[in-house]
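**Q** Handing you a structure now.
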Amino acid sequence: MQSASDRHEYPAHWEADVVLRDGGTARVRPITADDAQRLVSFYEQVSDESKYYRFFAPYPRLSAKDVHRFTHHDFVDRVGLAATVGGEFIATVRYDRIGPDGMAASAPADEAEVAFLVQDAHQGRGVASALLEHIAAVARERGIRRFAAEVLPANNKMIKVFTDAGYTQKRSFEDGVVRLEFDLEPTERSLAVQRAREQRAEAHSVRRLLTPGSVAVVGVGRGPGGVGRSVLGNLLAAGFTGRLHAVNQAFPEDLKELDGVPAHRSIRDIAEPVDLAVVAVRAEQVPAAVAECGEHGVQGLVVLSAGYAESGPDGRERQRELVRHARAYGMRIIGPNAFGVINTSPAVRLNASLAPEMPRPGRIGLFAQSGAIGIALLSRLHRRGGGVTGVTGVSTFVSSGNRADVSGNDVLQYWYDDPDTDVALMYLESIGNPRKFTRLARRTAAAKPLVVVQGAGSAPQGHAVRATRLPHATVSALLRQAGVIRVDTITELVDTGLLLARQPLPTGPRVAILGNSESLGLLTYDACLSEGLRPLPPLDLTTEATAEDFHAALARALADETCDAVVVTAIPAIGETSPGDAELAEALRSAAAPAKPVLVVHVELGGLAAALSAAASTAPRAGASPRARVAAQDAGPLQPPVVEAPAGAHLIPAYPAAERAVRALAEAVKYAQWRREAADPGRVPEYEDIDERGAAALIDGLLARGQGLTLGAEETGELLGRYGVPVRRAIPAPSPDEAARAAADLGYPVALKATAPHLRHRADLGGVRLDLADEEQLRRAYAELTGLFGQPQELRPVVQAMAPRGVDTVVRAVIDPAAGAVLSFGLAGAASQLLGDMAHRLVPVTDRDATSLIRSIRTAPLLFGWRGSTPVDTSALEELLLRVSRLVDDHPEVVAVTLEPVVVAPHGLSVLGASVRLAPPPARDDLGPRTLPVY
5 MQSASDRHEY PAHWEADVVL RDGGTARVRP ITADDAQRLV SFYEQVSDES KYYRFFAPYP
65 RLSAKDVHRF THHDFVDRVG LAATVGGEFI ATVRYDRIGP DGMAASAPAD EAEVAFLVQD
125 AHQGRGVASA LLEHIAAVAR ERGIRRFAAE VLPANNKMIK VFTDAGYTQK RSFEDGVVRL
185 EFDLEPTERS LAVQRAREQR AEAHSVRRLL TPGSVAVVGV GRGPGGVGRS VLGNLLAAGF
245 TGRLHAVNQA FPEDLKELDG VPAHRSIRDI AEPVDLAVVA VRAEQVPAAV AECGEHGVQG
305 LVVLSAGYAE SGPDGRERQR ELVRHARAYG MRIIGPNAFG VINTSPAVRL NASLAPEMPR
365 PGRIGLFAQS GAIGIALLSR LHRRGGGVTG VTGVSTFVSS GNRADVSGND VLQYWYDDPD
425 TDVALMYLES IGNPRKFTRL ARRTAAAKPL VVVQGAGSAP QGHAVRATRL PHATVSALLR
485 QAGVIRVDTI TELVDTGLLL ARQPLPTGPR VAILGNSESL GLLTYDACLS EGLRPLPPLD
545 LTTEATAEDF HAALARALAD ETCDAVVVTA IPAIGETSPG DAELAEALRS AAAPAKPVLV
605 VHVELGGLAA ALSAAASTAP RAGASPRARV AAQDAGPLQP PVVEAPAGAH LIPAYPAAER
665 AVRALAEAVK YAQWRREAAD PGRVPEYEDI DERGAAALID GLLARGQGLT LGAEETGELL
725 GRYGVPVRRA IPAPSPDEAA RAAADLGYPV ALKATAPHLR HRADLGGVRL DLADEEQLRR
785 AYAELTGLFG QPQELRPVVQ AMAPRGVDTV VRAVIDPAAG AVLSFGLAGA ASQLLGDMAH
845 RLVPVTDRDA TSLIRSIRTA PLLFGWRGST PVDTSALEEL LLRVSRLVDD HPEVVAVTLE
905 PVVVAPHGLS VLGASVRLAP PPARDDLGPR TLPVY
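Using the numbering used here, the first residue of the sequence shown is number 5, and each one after it goes up by one.
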């Protein structure tokens, strides 16, 4: 379809799918000579007013010369982009490079005129804003740094598109025309505007899937059973508030209803709009179903059908074609191979999933890529006995299956400002875009808790993910830095989520423990110590304690300013009955304060667990529909009777084991501390001695030699020196005489070190001799090394001036293609190499990040005077970390830096070894225009 340009081949990398303001999608691509008829058809559907605004005069039709001009581009000085839906144009944008005189020009001219035209039916959807982002990125790629646009004063919509974009601009008025000029270099404001638009658009696209006014199930069988029939039954049982339609091309023509739902042979036969289609047909039948949905104007799809990427290469290509097909019609997809979606809001009551029962309404959002894990999560939140009590329910649930389109990032965008969701729980088998996920997680976690279980193994076959070189532990550390509450199992996921959903955040780690079992109290005390909490001595109320005793003790503990949270332990008394459980639960609830969290550890106390949950919203109420009451009665063991709680009562989570309660509390304590610190994230300091331009020139010159290279010692020292990071000189010593000359040049005392790969940084192997005070000692040490390890050419010995004694550390920075730039720190040697005791932060690192980074490793006490040793200069170490962070942030061509060892002394530090690798920087999609990923 696409033709080659006059001067450049067709730039396929400019093609992109985008989410528009209303949640629909559009395809952005370059305009080519093959688009002449599409352009004419598009122009015919534009109103006369919009044409006047575009050409400043009545312009009813395009001439043949106009069509040729607007469809023939060289993709350098003249570029046109179109936004398409269903293969047809809905908007266009073009730029023409101009010189200082305003006439057509070529490079090095760096200014261009830009103009838009949006079909009236699609105005207000954010199409022009999306096109501006993409045409600006194209222009920057082609060396254009500034756009100029002439707009009629009455064209307020287009003026707003330019002024709201966030670029630095200049505005003038002459000859009845507003002239806008703006630089295309992204600014902090333009990125903020772009990301705010991204959030609104992606959130809206998920909202359309979760709050449909009408749902069609495609693939409903006439007989009982089957996926489609099951989903239809689940929608009916949930009491979906919208309109339902059953679709199957095999339905007899005279079949009008199925289970009380209108029956149709095709989506096309439905005489009203359909917001959501649940597709449950064989994979080979899905393309036809998608085409029917697109032509009917369906807004989104949930594809339950399997046989896609999870089945192998052929299935992966089917999956890509499915996404292309759906997006061409402006539809987003959950799936394929999905379990479905649920929204418990009383205004929706959507159960478009394979879950046979609607979960209890509540404030927890659930996301799982795996259907099996989704079932487990729903079950654990739903039930009462044998585990954590269900103190709250679910707001929305999404199981994305192969997540070919809608992913966890999209759902996070929705939950961020969803008033019905207080806590987000996610089970992630893979992260498609870690850089974006980390950014969204940081913003979401600042507003509401985000708890994540991240699969440690390879991604499931159905998931196409970007390759990352970072270890799983490093990715986990980066998630924690972004405020994510990172847990290891779905049990911990639910435990932590239930606490955060109904209890306030603790203000510190001090924990009061009280209960009627001394042994259980001591177990809880020990668990607190293991989790890094600060427990107060347990208060034993004895087994004779009454509900009033519990109430009084809890009230006193909550009033005590020396505690930040309370764990109540309870064991059953002989002859205790269910009313007693309810009495104790009410005593605890009535004493609970809104400012401190309360948790209960119970042992085989099912009645108390149910009473504490008291989730009144889960019980059918008077006035509920008969269908809803029947569903509640038939819920079976997953929905036992619950005790009504008074309005406004504090719902207290109960746990069957002390370690589970304490682990959840410890996660809440760490998250609360992160929230407090996130309010003041620190700053990236400026250093006057940094020579950014000089470093850039040096890097450009070095990269001119090739695509990627590891710098030599002199080049490494020069580059690091421009950022105020001096490296102690190490002089090669291929012979004893040259070693002596080097030592004389440096001055005694010196160190003699073998730098062969198998001996580097391995002082334990004996390849280092320190404090050599004179030439005699140096020559003796040289002879010892060569006698032990072989000839000098094998050892690669170097001579280096002695540094002040201190603690050996290592600093690394790496550019990961998926996660971005990461700065790492640890102690040199076994601590980092054998035990993996390294801490990590995303670049750019702030002063607060640097301070926390060096304190995050387990061996940090060695830096602060452990066992009477002299504390080292951590301020100098923090400055070094900040300078390295600046280097890799300012110059993405620096793809790896290693400083090892960095000897941190009581005063100052010494970098004894360094290596730097340069390469063309990886693409930064988070700085480019908004696009949907293509997996």
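Ideal placement from N, C-alpha and C gives every residue a C-beta, glycine not left out.
Nearest to F186 by CA position, among I338, I489, Q173, R773, is which residue?
**A** As a working mapping, residue 186 is identified with position 182 in the sequence shown. Between F186 and the set I338, I489, Q173, R773, the nearest pair of CA atoms involves Q173.
**Q** Would you kindly report the start and end of the unbroken beta strand (DSSP E) that includes I94?
**A** For the purposes of this step, residue 94 is identified with residue 90 of the sequence shown, where counting begins at 1. Per DSSP, I94 belongs to the beta strand (DSSP E) from 92 to 102.
**Q** Check whether the region 318 to 338 and the region 286 to 295 touch, using three or more Cβ-Cβ pairs below 8 Å as the test.
**A** yes
**Q** For the beta strand (DSSP E) holding V142, just list the boundary residues, first then last.
**A** Here residue 142 refers to the residue found at position 138 of the sequence shown. Under the DSSP assignment, V142 falls outside any beta strand (DSSP E), being part of the alpha helix (DSSP H) whose first and last residues are 131 to 145.
**Q** Hey, quick one: how far does the beta strand (DSSP E) through Y675 stretch, first residue to last?
**A** Here residue 675 corresponds to residue number 671 of the sequence shown, with the count starting at 1. Run containing Y675: none in the beta strand (DSSP E); it sits in the alpha helix (DSSP H), 662 to 682.
**Q** Looking only at its own chain, which residues have a Cβ that is under 6 Å from the Cβ of L903, when we skip the five neighbours before and after it?
**A** Looking up residue 903 in the sequence shown gives position 899. For L903, where only same-chain residues beyond five positions count, the Cβ hits under 6 Å are V815, V915, A918.
**Q** Who are the Cβ neighbours of R247 in its own chain at under 6 Å, not counting the five residues just before and after it?
**A** Reading the sequence shown from its first residue, position 243 is the one you call residue 247. Only S218 meet the Cβ criterion.
**Q** By a C-beta neighbour count over all protein chains shown, 10 Å radius and 16 as the cutoff for buried, is V754 buried or exposed?
**A** Counting from 1 along the sequence shown, the entry for residue 754 is found at position 750. Buried, since its Cβ has 16 or more Cβ neighbours within 10 Å.
**Q** Let me know the alpha helix (DSSP H) ranges lying completely inside the region 178 to 265, each 4 residues or longer, listed in chain order.
**A** Taken in chain order, the whole alpha helix (DSSP H) runs of length 4 or more contained in the region 178 to 265 are 192 to 214, 231 to 242.
**Q** For S828 and M842, I'd like the C-alpha separation in whole angstroms.
**A** To locate residue 828, count along the sequence shown from 1; it is residue 824. To locate residue 842, count along the sequence shown from 1; it is residue 838. Cα to Cα, S828 sits roughly 6 Å from M842.
**Q** Using C-beta distances below 6 Å, list every residue in its chain close to G378, excluding the 5 sequence neighbours before and after it, in chain order.
**A** As a working mapping, residue 378 is identified with position 374 in the sequence shown. Contacts found: F343, A372, S403.
**Q** So, D21 versus R331, is the Cβ gap smaller than 8 Å?
**A** Counting from 1 along the sequence shown, the entry for residue 21 is found at position 17. Counting from 1 along the sequence shown, the entry for residue 331 is found at position 327. In terms of Cβ geometry, D21 and R331 form a close pair [threshold 8 Å].
**Q** Going residue by residue through the region 737 to 777, where are the continuous beta strand (DSSP E) segments of at least 3 residues, counting only ones entirely within it?
**A** 754 to 758, 772 to 776
**Q** Would you check if the region 271 to 283 and the region 398 to 414 touch, i.e. whether three or more CB-CB distances between them fall below 8 Å?
**A** Contact between the region 398 to 414 and the region 271 to 283 is absent: fewer than 3 CB-CB pairs across the two stretches fall below 8 Å.
**Q** Could you tell me whether the region 49 to 69 touches the region 298 to 312, using the rule of 3 or more Cβ pairs below 8 Å?
**A** no
**Q** Put I656 into one of helix, strand or coil per three-state DSSP.
**A** As a first step, residue 656 must be located in the sequence shown, where it is residue number 652. I656 falls in the coil class under three-state DSSP.
**Q** Which residues bound the beta strand (DSSP E) around S828?
**A** Along the sequence shown, read from residue 1 onward, the residue named residue 828 stands at position 824. Run containing S828: 824 to 831, per the beta strand (DSSP E) assignment.
**Q** Measuring CB to CB, does L308 end up less than 8 Å from G339?
**A** Residue numbering aside, residue 308 sits at position 304 when the sequence shown is read from its first letter. Residue numbering aside, residue 339 sits at position 335 when the sequence shown is read from its first letter. Taking 8 Å as the Cβ cut-off, L308 and G339 qualify as a contacting pair.
**Q** Please classify P583 as buried or exposed, where buried requires at least 16 neighbouring CB atoms within 10 angstroms.
**A** Taking the sequence shown and counting its residues from 1, one reaches residue 583 at position 579. The predicted model places P583 with a pLDDT of 39, which falls under 50 and marks its position as unreliable, so this point remains unresolved.
**Q** Among A835, T878, L884, which has the Cα closest to the Cα of I861?
**A** For this step, residue 861 is matched to residue 857 along the sequence shown. Here the closest residue by C-alpha is A835.
**Q** Is the beta carbon of P350 closer than 8 Å to that of D279?
**A** As a first step, residue 279 must be located in the sequence shown, where it is residue number 275. As a first step, residue 350 must be located in the sequence shown, where it is residue number 346. Not closer than 8 Å, so no.
**Q** Taking the alpha-carbon of A116 as reference, which of R149, E145, H72, G130 has the nearest alpha-carbon?
**A** On the sequence shown, position 112 is the one that residue 116 refers to. Of the listed residues, the one whose Cα sits closest to A116 is R149.
**Q** Rounding to the nearest angstrom, what Cα-Cα distance links V605 and V572 in this structure?
**A** To locate residue 605, count along the sequence shown from 1; it is residue 601. To locate residue 572, count along the sequence shown from 1; it is residue 568. C-alpha separation (whole angstroms): 6 Å.
**Q** Return the chain-ordered list of same chain residues with a C-beta closer than 8 Å to the C-beta of D851, the five sequence neighbours on each side being excluded.
**A** Here residue 851 refers to the residue found at position 847 of the sequence shown. Taken in chain order, the residues that qualify are G686, R687, V688, P689, E882, L886.
**Q** For M107, does the count of other Cβ atoms within 10 angstroms reach 16, so buried, or fall short, so exposed?
**A** Against the sequence shown, residue 107 aligns to sequence position 103. M107 is exposed by the Cβ-count criterion.
**Q** Please identify the residue among A923, A153, A284, R809 whose C-alpha is closest to the C-alpha of I102.
**A** Position 98 of the sequence shown, counted from the start, is the residue given in the question as residue 102. The option with the nearest alpha carbon to I102 is A153.
**Q** Please go through the region 838 to 875 and give each complete beta strand (DSSP E) segment of 3 or more residues, from N-terminal end onward.
**A** 842 to 846
**Q** Can you tell me whether DSSP reads T478 as helix, strand or coil?
**A** Translated into positions along the sequence shown, residue 478 becomes position 474. It is helical.
**Q** Between the Cα of P730 and the Cα atoms of G751, Y659, A807, which residue gives the shortest distance?
**A** Translated into positions along the sequence shown, residue 730 becomes position 726. The residue with the shortest Cα to Cα distance from P730 is A807.
**Q** Assign W870 to buried or exposed, taking buried as 16 or more other Cβ atoms, counted over all protein chains shown, within 10 Å of its Cβ.
**A** Residue mapping note: residue 870 aligns to position 866 of the sequence shown, counting from 1. Residue environment: W870 is assigned as exposed (fewer than 16 neighbouring CB atoms within 10 Å of its CB, all protein chains considered).
**Q** Taking only three categories from DSSP, how would you classify K452?
**A** Taking the first residue of the sequence shown as position 1, residue 452 is located at position 448. Reduced to three states, the DSSP call for K452 is coil.
**Q** Exposed or buried, which one is R709 when buried takes at least 16 other CB atoms within 10 Å?
**A** Here residue 709 refers to the residue found at position 705 of the sequence shown. When all chains shown are included, R709 counts as exposed.
**Q** Report all residues from its chain with a CB closer than 7 Å to the CB of V488; omit the five preceding and five following residues, and keep chain order.
**A** Here the question's residue 488 lines up with position 484 in the sequence shown. Around V488: A445, A449, L454, V456.
**Q** List in chain order: all unbroken beta strand (DSSP E) runs of 3+ residues lying wholly within the region 294 to 322.
**A** If you keep only unbroken beta strand (DSSP E) runs of at least 3 residues inside the region 294 to 322, you get 304 to 307.
**Q** Could you tell me the alpha carbon to alpha carbon distance between L259 and G243, rounded to whole angstroms?
**A** Sequence index remark: in the sequence shown, residue 259 carries index 255 (1-based). Sequence index remark: in the sequence shown, residue 243 carries index 239 (1-based). One C-alpha to the other measures close to 23 Å.
**Q** Would you tell me roughly how many angstroms separate the C-alpha atoms of E798 and N437, rounded to the nearest one?
**A** Numbered from 1 along the sequence shown, position 794 holds the residue referred to as residue 798. Numbered from 1 along the sequence shown, position 433 holds the residue referred to as residue 437. One C-alpha to the other measures close to 44 Å.
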